[in-house]
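Since the structure comes first, as structure tokens, the remarks are kept for the end.
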Amino acid sequence: MSDIVRAAFDIETVSPNVPEDEYPNFTDSQDFELSGAALAYEYADGSRETVVEWRDGWGPRAEIDLIKVLIDRLESAKTVITYNGERFDLAHLEGRARIAGAAVGERVHESVQSYLDGIKHVDLQPEAWSAYGEYTSLEDTLKQVGLDPVETLSSEFDHGVPHEEWPKKPSEPITSKDLAILGEIYLDAIDGKRSDVSVAVLEEMLTHYTRADVELLFELADARPFK
Numbered sequence: 017m018s019d020i021v022r023a024a025f026d027i028e029t030v031s032p033n034v035p036e037d038e039y040p041n042f043t044d045s046q047d048f049e050l051s052g053a054a055l056a057y058e059y060a061d062g063s064r065e066t067v068v069e070w071r072d073g074w075g076p077r078a079e080i081d082l083i084k085v086l087i088d089r090l091e092s093a094k095t096v097i098t099y100n101g102e103r104f105d106l107a108h109l110e111g112r113a114r115i116a117g118a119a120v121g122e123r124v125h126e127s128v129q130s131y132l133d134g135i136k137h138v139d140l141q142p143e144a145w146s147a148y149g150e151y152t153s154l155e156d157t158l159k160q161v162g163l164d165p166v167e168t169l170s171s172e173f174d175h176g177v178p179h180e181e182w183p184k185k186p187s188e189p190i191t192s193k194d195l196a197i198l199g200e201i202y203l204d205a206i207d208g209k210r211s212d213v214s215v216a217v218l219e220e221m222l223t224h225y226t227r228a229d230v231e232l233l234f235e236l237a238d239a240r241p242f243k
């Protein structure tokens, strides 16, 4: 495989310490934990590859193990594309490395920060907000430049999540907000606390959504300047 020209990166998070009737503080890594992440690579020969990694259960050790895998996978990429990575994806990658690392007695955040200091980061959100208005979502930005977001429908996956826990209509596409709810259910199932949902099918659905988000970041970057 040839050298990586650029990578696209997107994290998924859960907020187990934030009450259901409250919003997390999006600038505070205490209000988030990493549940998974997707990385798409574009190689010098034009080929592409996508990898999705998920955390193997609750607890700081599992989160640190995920962060180490992500940094290892990102290490060869010197240009990283995100949508809101400056304030969220990369910010919380370092923040969670610092918080979870302190819990297990490891200074993992130092290697994370060292990597981030050495890359070229292309955050597409500021340009999108400047062109289309503040709080324009990734999905709406894609539509603005003529790209069709790939939808993930719950009806296509027999995951077993009860409707009272996740009242999503099967015909409605899954959004990033759904990933926070489903991520906690997934980690509970991984830890054996849930026998009513299929870990494999739930992971398949989460992976489908996460892959779709990160893979289109290359096309979105190439669609600039946004009009």
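Per my numbering, the very first residue in the sequence shown carries number 17; after that it's consecutive. Ideal placement from N, C-alpha and C gives every residue a C-beta, glycine not left out. All figures in this text were calculated on a predicted structure; none of them were measured in a lab.
| query | result |
| --- | --- |
| Any idea which residues DSSP pairs GLU319 with across the strands? | Lying before the first or after the last residue shown, residue 319 is absent from the chain, which here runs from 17 to 243. |
| Can you tell which of ASP133, GLY117 and GLU231 has the C-alpha that lies nearest to the C-alpha of LEU163? | GLU231 |
| Within 10 angstroms of the Cβ of GLY199, are there 16 or more other Cβ atoms? Answer buried if so, exposed if not. | buried |
| Return the Cβ separation of ASP26 and THR226 in integer angstroms, given the expectation that the two are a contact with Cβ distance under 8 Å. | 7 Å |
| Among the residues of its own chain, which have a CB less than 7 Å from the CB of VAL68, if the five just before and after it don't count? | GLY52, ALA54, THR223, THR226 and ARG227 |
| Counting pairs of beta carbons, one from the region 127-146 and one from the region 96-103, are three or more of them closer than 8 Å? | yes |
| So which of ALA144, GLY73, GLU49 and ASP88 has the shortest CA-CA distance to ASP105? | GLU49 |
| Where does GLN141 land, buried or exposed, given buried means 16+ other C-beta within 10 angstroms? | buried |
| Quick check: what's the CA-CA separation for ASP37 versus ASP44? | 18 Å |
| How far does the alpha helix (DSSP H) with VAL230 in it extend, from its first residue to its last? | 215-231 |
| Just to confirm before moving on: does the CB-CB distance between LEU82 and ARG89 stay below 8 Å? | no |
| Look at the Cβ atom of VAL128, then the Cβ atom of GLU110, and state whether they are nearer than 8 Å. | yes |
| For TRP74, which residues in the same chain have their Cβ closer than 6 Å to its Cβ, ignoring the five residues on either side in sequence? | LEU203 and ASP207 |
| Residues in its own chain within less than 7 Å of LYS243 by CB, not counting five upstream and five downstream? | ALA147 |
| Suppose contacts are defined by Cβ-Cβ distances below 8 Å. Is VAL21 in contact with ALA196 by that definition? | no |
| Just the C-alpha distance for LEU154 and LYS193, rounded to the nearest angstrom, thanks. | 13 Å |
| Could you say which of GLU181, ALA237 and ARG240 lies nearest to ASP212 if we only look at CA atoms? | GLU181 |
| At the level of alpha carbons, what is the spacing between ILE190 and PRO165? | 11 Å |
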